[in-house]
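Just below is one structure, and these are the notes that go with it.
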Amino acid sequence: MRVIKPRKRFGQNFLVDQGLIGKIIRSFDTRPGEQVVEIGPGQGALTEHLVNTGCDLTLVEIDRDLADLLAERFPNVNLMNEDVLKADLPAVISEPPVRVIGNLPYNISTPLMFRLFKHLELFHDMHFMLQLEVVNRMTAEPSTKSYGRLSIMTQLYCQAEKLFEVPPEAFNPRPKVQSAIVRLEPRHRIAQVDTGVIEPMLIQAFSSRRKTIRNALKGLISESELESLGLSPTLRPENLSVEDYIACSNLISARS
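So in my numbering, the last spot in the sequence shown is 266, and the numbers never skip.
As structure tokens, this is what we get:
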């Protein structure tokens with residue numbers, strides 16, 4: 011197999027630890043005939059194991075050289091040489107719902123999550139390798155240091171579970187940070203909320219997380235409205251639950 015060096019501009023860190031590769035595949039636990047999409051397959055470390063499971067596999071790889079390599083290694087696998095941040099996801103996923111797996115470049119992880127959340131009807135579940143800090147933020151509970159906008163948006167749409175951590179030495183080249191595997195399962199019943207209201211509200215709230223919500227949400231919701239929802243205006247943004255933010259968002263939407 012020809013060797014392709016990792017490219018910094020694509021944030022590539024290839025998974026090379028065979029023990030961890032096996033652990034990831036076992037945790038994903040796919041079955042013959044299942045529709046699976048692998049995002050950022052790289053040189054095919056996970057791909058070769060996925061192919062052996064008998065799943066119906068589609069690869070999405072942005073790097074042209076890697077896409078050519080994958081086409082040579084796995085000629086019977088559907089391959090799309092595309093940027094997943096720009097791809098027409100409903101066109102890529104013609105027979106939803108699918109299962110998704112990927113070792114994602116850290117520089118696209120958050121924007122990709124927000125993009126996938128807008129198309130949850132396409133997915134059965136998603137297993138991603140991400141920076142540990144990002145996984146901790148996605149799974150964080152209220153009143154903790156990691157809790158913030160990403161926690162709320164993730165938990166609004168999905169049940170999120172950190173499966174296990176992955177050390178830097180599992181990759182080539184070694185990243186400077188710890189990684190982790192997270193499993194996301196779309197909620198069957200998502201709370202009714204206007205994303206055009208809750209997203210900017212969260213940006214405003216957590217841009218000044220040490221302020222009280224009276225001040226952090228100033229101009230969006232009044233002190234008396236907070237109290238009508240059973241929320242003390244002296245709480246800080248990280249103290250409010252996902253349900254609290256949904257209630258605030260819906261109050262603002264009803265007023266508009």
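For glycine and all other residues, C-beta sits at the position ideal for the given N, C-alpha and C.
Taken in chain order, the complete alpha helix (DSSP H) segments of 4 residues or longer contained in the stretch 80 to 124 are 99 to 102. Rounded to the nearest whole angstrom, the C-alpha separation of residue 56 and residue 220 is 42 Å.
Judged by DSSP secondary structure, residue 258 falls within the alpha helix (DSSP H) whose first and last residues are 252 to 265. Here residue 195 is bridged, per DSSP, to 169. Pairing residue 150 with residue 172 gives a Cβ-Cβ distance that is not under 7 Å. Counting only residues of its own chain and dropping the five nearest sequence neighbours on each side, residue 136 has a CB closer than 6 Å to the CB of 110 and 194.
In the DSSP assignment, residue 47 falls within the beta strand (DSSP E) that extends over 45 to 49. Counting only the Cα atoms, residue 164 lies some 9 Å from residue 147.
Looking at the backbone, the Cα of residue 192 and that of residue 166 are separated by about 16 Å.
By the CB criterion at 7 Å, residue 129 and residue 95 fall outside the cutoff. With fewer than 16 neighbouring CB atoms inside 10 Å of its own CB, residue 174 falls in the exposed class. Separation of residue 72 and residue 24 (C-alpha to C-alpha, rounded to the nearest whole angstrom) is 14 Å. DSSP lists 49 and 90 as the beta-bridge partner residues of residue 70. For residue 33, the closest alpha carbon among the candidates 207, 51, 180 and 231 is that of 180. The three-state secondary structure of residue 189, taken from DSSP, is strand. When secondary structure is reduced to three states using DSSP, residue 182 falls in the strand class.
Looking at the backbone, the Cα of residue 53 and that of residue 257 are separated by about 46 Å. DSSP, read as helix, strand or coil, puts residue 202 in coil.
Here the alpha carbons of residue 101 and residue 46 stand approximately 15 Å from one another. DSSP places residue 140 inside the beta strand (DSSP E), whose first and last residues are 133 to 141. Taking a C-beta distance under 7 Å as the contact criterion, residue 81 and residue 69 do not qualify as a contact pair.
In the structure shown, the three-state DSSP call for residue 160 is helix.
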